[in-house]
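See structure below.
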Amino acid sequence: MTGVALSRWTMSYFVAALISLIVAECLMVAGFGYPAAPIEAPETLVLVHIVTIGWLSLLMCGALFQFVPVLIARPLYNNTLPLPTLGCLLAGLFALLLSFLQIAGIVPSHPACFVAAAALLAAGFGLTLFNLGRTLWAARPLPLPARFVVVALLSLGATVVLGIIFTLVLGGIATVPHLLNVTALGLPIHVIAGLGGWLTFSAIGVSYRLLAMFMLAPELEGPTTRAAFYCGTGALGVAILGGFAAVCASGNVIMIVSAGGILGLAGIACYGRDVLHLYRARKRRVIELNSRMAGVALGNLVATLVVSIGLLIAGVFGKHVGVVVFLIAFGWLTNLGLAKLYKIVAFLTWLECYGPVLGKTPTPRVQDLVVENRANKWFVLFTVAVWCAAASLMLGAPLPFRLSAGVMLLATVGIIKQLLRTRRLANVQPTLRLPKGVRPPHLLYCWVQPT
Amino acid sequence: MTTFVDVDVRPTLRAGGEPFGEIMQAIGTLKPGEGLRLLATFKPTPLFHVLGSKGFSYVAKELDGGDWEVLFSPSAPEQAAPAPQETPTTATPDQSNWPEPVQHLDNRDLDPPEPMVRILAATESMNNGEVLSALLCREPLFLLPELAKRGHGWRGGFETDGKTYKILVRIGGAQGAAA
């Protein structure tokens, strides 16, 4: 065992992801897509995929290239492959967005765009699955948090396969009746596999380890963690495989997905109990901003579930499904992502710059790379804006939604400014900033020393 | 078909003892093609790495009552052959070569990455060949590449409580081995 090196291209993923988040928020402010356009409109698809592929998936891929090795105490299979992977994903996303704009009639129609989108995204996510899959395969038997990531990666595979089918059918390239049927009925499975399986399950797996690590809490692998894993995996299995079978047999997809939802609720309840235990059993009494804001994100996840159950009971879930998706994407995943990013960027930058000279010369602490007081207000503002935006969506008020999105944009810019200051060591006292032997960090990649 | 030699270290572990020597001794007496069936009170993850570097693959299974059975099978013969120069042929003689630690650190309650900072700071003030001992609350994954770059040897593993990770660092002795 040789420990874990820095992931060379993770910072590039983070930069691309944050740019996508800004673009998505600008579109929301401009009133592009839902709620100004219907939820199934091509404009909404543009917005949704900038958020889910451009922001959340790139963020998660970048984080996994660094933290899967931490989960399994083994190096990444290939530290160079993430760069061409990122190229494929960005090019594929661009082609996909152009394809949606063709459907909307905003740009001239060109079927090759759909094929390119399908091929490039398949290549990008395929390379991600290959690299992380080979890394995980070498570490069997896997610890529990890594098994969450395995299920998340399988869900990513399902999401991408469905997405490719949809793209080829919408582009008029695939005309097999069976695939048309999948496209007509498969959307709930695509959404659940993507948001629930890929993004939420990997966030849960990584958060078990990161929360324990950053709050000095004991690692959990007990019965509730196992129950969370098995319930969650069962829920995804029922929703994705059962849902797919229902589509093929022209059965009731919604019924199957709802059955998975009940198992999923049980899984999230177990996860919630574990997280509460982690916060209570922590040795670090005063927790940092990232752990506080992760707590807010987890609260948002619970609130989203409560809202969803309320909507189901009231029989209006279908009408307000956009609010639920918005809350999962922004209240839960984006809040958690930004909170963890705030810590991860500081930690990786510190390790990259000062690791080689630790003990040889005075160096700053990780916390000297950030100024939490400055970042705190932006995080609070972002959270409040997300709540206001969700309430506006619920009330069917487009203008307050756009105003709230504007505040989200402002807060995101504020957080990104803090992340840039961290990466550039701008918060570190000048006397400590660049001791002899320390090279200033590059924005887009980590300089990995040969061992 | 691999035949397995049984080694039950549960009594040693329950008595608070350290079974590493016992296991390595058993490994040393295996005939070609033989494997080891280890019974322990916890999943001996660090051992997987040690025996993996000696050419053994493993299958771990949790038994009723929380004990673990691990079957270590010899992989391809060339992998089990004497390892590269820097790897000791057996861990036992190498272990006896390491002097008693001159410094002890208990870093279990420190916020990360302070444990790493303190260990690296301590190594800078020590002389070649001296050994540092440190207790941690998790595997120091980001420390190990740094020790390797600086040419220090290290050996580490979880204590029998499964929560405390003990690492020994030998200054200038770049002969990494996990135990």
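Keeping their order, the protein sequence lines are chains A and B. Letter 256 of the first sequence, counting from 1, is numbered 397 in the working numbering, and no numbers are missing. Letter 90 of the second sequence, counting from 1, is numbered 973 in the working numbering, and no numbers are missing. Ideal Cβ positions, reconstructed from N, Cα and C, are used throughout, including at glycine. What you are looking at is a predicted structure, and each value in this text was computed from that prediction instead of being measured.
Outcome for residue i when other beta-carbon atoms lying within 10 angstroms are tallied against a minimum of 16
i: residue 325 of chain A; result: exposed
i: residue 321 of chain A; result: exposed
i: residue 942 of chain B; result: exposed
i: residue 100 of chain A; result: Because chain A is modelled from 142 through 592, residue 100 of chain A falls outside the range shown and cannot be assessed.
i: residue 1044 of chain B; result: exposed
i: residue 559 of chain A; result: buried
i: residue 926 of chain B; result: buried
i: residue 319 of chain A; result: exposed
i: residue 535 of chain A; result: buried
i: residue 455 of chain A; result: exposed
i: residue 870 of chain B; result: Residue 870 of chain B cannot be examined here, being either before or after the span of chain B that is shown, 884 to 1062.
i: residue 450 of chain A; result: exposed
i: residue 275 of chain A; result: exposed
i: residue 350 of chain A; result: buried
i: residue 430 of chain A; result: buried
i: residue 215 of chain A; result: buried
i: residue 901 of chain B; result: exposed
i: residue 481 of chain A; result: buried
i: residue 207 of chain A; result: buried
i: residue 892 of chain B; result: buried
is_contact[residue i, chain B] using C-beta, thresh 7 Å
i: residue 558 of chain A; result: no
i: residue 460 of chain A; result: no
i: residue 470 of chain A; result: no
i: residue 425 of chain A; result: yes
i: residue 577 of chain A; result: no
i: residue 214 of chain A; result: yes
i: residue 211 of chain A; result: yes
i: residue 282 of chain A; result: yes
i: residue 492 of chain A; result: yes
i: residue 496 of chain A; result: yes
Bridge-paired residues (DSSP) for residue i
i: residue 542 of chain A; result: According to DSSP, residue 542 of chain A bridges with nothing at all.
i: residue 1001 of chain B; result: DSSP output for residue 1001 of chain B lists no bridge partner at all.
i: residue 940 of chain B; result: B:956
i: residue 154 of chain A; result: Bridge partners of residue 154 of chain A: none, in fact.
i: residue 1049 of chain B; result: B:1018, B:1040
i: residue 945 of chain B; result: B:951
i: residue 987 of chain B; result: B:1016
i: residue 994 of chain B; result: Residue 994 of chain B pairs with nothing; no bridge assigned.
i: residue 887 of chain B; result: B:918
Residue-chain proximity (residue i, chain A), Cβ-Cβ < 7 Å
i: residue 888 of chain B; result: no
i: residue 952 of chain B; result: no
i: residue 1052 of chain B; result: no
i: residue 922 of chain B; result: no
i: residue 1025 of chain B; result: yes
i: residue 1028 of chain B; result: yes
i: residue 974 of chain B; result: With a pLDDT of only 33 at residue 974 of chain B, under the threshold of 50, the placement of this residue in the model should not be trusted; the figure read from the coordinates follows. Not closer than 7 Å to any Cβ of chain A, the Cβ of residue 974 of chain B fails to qualify, so no.
i: residue 1003 of chain B; result: yes
i: residue 994 of chain B; result: yes
i: residue 943 of chain B; result: yes
i: residue 983 of chain B; result: no
i: residue 1000 of chain B; result: yes
i: residue 1042 of chain B; result: no
i: residue 1022 of chain B; result: yes
- Query: Of all the beta strand (DSSP E) runs that stay within the bounds of the segment 249 to 322 of chain A, which reach a length of 3 or more residues?
  - Reply: none
- Whole runs of the alpha helix (DSSP H) within the segment 475 to 552 of chain A, excluding any shorter than 4 residues: 476 to 495, 513 to 536
- Query: Going along the segment 498 to 510 of chain A in order, which residues come within less than 7 Å of chain B, judged by CB to CB distance?
  - Reply: From the segment 498 to 510 of chain A, only 499, 500, 501, 507 have a Cβ closer than 7 Å to chain B.
- Please go through the segment 410 to 462 of chain A and give each complete alpha helix (DSSP H) segment of 4 or more residues, from N-terminal end onward. 430 to 455
- Message: Along the segment 896 to 908 of chain B, where does the CB come closer than 7 Å to a CB of chain A? Name the residues.
- Response: none
- Enumerate, from N- to C-terminal direction, the unbroken alpha helix (DSSP H) stretches of 4 or more residues contained entirely within the segment 162 to 222 of chain A. 183 to 190, 199 to 213
- Task: Quick one: which residues of the segment 399 to 424 of chain A get their C-beta closer than 8 Å to a C-beta of chain B? List them in chain order.
- Result: 424
- Query: Along the segment 354 to 365 of chain A, what residues have a CB closer than 8 Å to any CB found in chain B?
  - Reply: Residues of the segment 354 to 365 of chain A with a C-beta atom less than 8 Å from some C-beta of chain B are 354, 355, 357, 359, 360, listed in chain order.
- What are the start and end residues of each continuous alpha helix (DSSP H) run of 4 or more residues lying completely inside the segment 322 to 397 of chain A, in chain order? 328 to 332, 342 to 356, 364 to 377, 384 to 389
- Message: Using a Cβ-Cβ cutoff of 9 Å, what residues of the segment 1004 to 1019 of chain B are near chain A? List them in chain order.
- Response: 1004, 1005, 1006, 1007, 1008
- Could you name each continuous beta strand (DSSP E) segment of 3 residues or more that falls completely within the segment 901 to 940 of chain B, going from the start of the chain to the end? Listed in chain order, they are 918 to 923.
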